Amino acid sequence: MLSRIAFLLVCAVVACAQQTPAENPQPKPQGSVSATTRLLNAKTIYIKQVAGNDIVFDVVNNAMLSWPRYIVVDSPEKADLLMEVSAPEDPNKKKKDDESKTSISGGSGRDPRAMTAPAVSYSSNDVKLVVRDPHTKAILWGGTELAKEAFRQAKTDQNLMDAAEKLVHKFRDRVEPTPPPVQ
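Residues 1 to 183 in the numbering used here are what the sequence shown lists, from first letter to last.
Spelled out as structure tokens, the structure:
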């Protein structure tokens with residue numbers, strides 16, 4: 001009887017010893033970090049004007065400088081985030097450039113109705129912000145806001161500034177959501 005109890009005790013000890021965790025546990029597979037986590041962990045940002053009007057870039061740059069969440073740096077190598085700003089071209093700037101490039105072709109003896117004029121290209125009034133990881137170029141956040149068209153240049157500029165401010169506000173809400181009002 002004593003030998004059976006000793007045998008069961010030894011078996012229990014061996015079974016418990018086999019169930020202890022190994023010294024080298026299996027490494028857990030690392031999942032990719034979410035875009036929100038990258039935006040929250042970033043400290044520095046580089047703002048790049050991809051295309052378009054300087055007014056939009058200035059509005060975005062000033063808004064980011066006044067927000068203490070990120071430090072705006074002067075090169076993409078130093079940045080944790082890369083913000084790309086694009087906007088419609090300035091129509092006054094475009095007209096000056098197009099005047100020197102306008103050409104109408106037609107040979108002598110040809111029908112004057114057969115002359116060709118340069119094609120008119122229509123640009124979008126979209127103001128776009130894209131926030132990327134500067135190392136992987138992965139898009140972490142993106143937004144587009146339509147700037148209303150206007151007849152006068154001053155109103156067009158104001159509409160571009162309003163669209164840029166809305167986009168920066170949307171980005172800020174994504175990174176630091178405003179709490180709902182307490183009722």
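All residues carry an ideal CB built from backbone N, CA and C; glycine is no exception. Here the structure is a predicted model, which means the values were calculated and not measured.
Return the chain-ordered list of same chain residues with a C-beta closer than 7 Å to the C-beta of Ala141, the five sequence neighbours on each side being excluded. The sequence shown places Trp at residue 141, rather than the Ala named in the question. For Trp141, where only same-chain residues beyond five positions count, the Cβ hits under 7 Å are Ala35, Leu39, Val131, Phe171 and Arg174.
Give, in chain order, every unbroken run of the beta strand (DSSP E) that is at least 3 residues long and sits entirely within the region 123-177. 126-132 and 139-146
Using the C-alpha atoms, what's the distance from Asp126 back to Gln158? 14 Å
In terms of residues, what are the limits of the alpha helix (DSSP H) holding Val186? Because residue 186 is not part of the residues shown, which for the chain are 1 to 183, the question remains open.
Quick check on Phe151: buried or exposed, where buried means 16 or more other Cβ atoms within 10 Å of its Cβ? exposed
Could you pull out every residue in the same chain whose Cβ sits closer than 8 Å to the Cβ of Asp97, ignoring the five residues on either side in sequence? The predicted model places Asp97 with a pLDDT of 47, which falls under 50 and marks its position as unreliable, so this point remains unresolved.
So what does DSSP say about Lys78, is it helix, strand or coil? helix
Hey, would you say the C-beta of Pro88 is under 8 Å away from at least one heavy atom of the ligand ZN? The ligand ZN is absent from the structure shown, which contains no ligands of any kind.
Nonlocal neighbours in the same chain, by C-beta distance under 7 Å from Gln49, ignoring five residues either side: Phe57 and Val85
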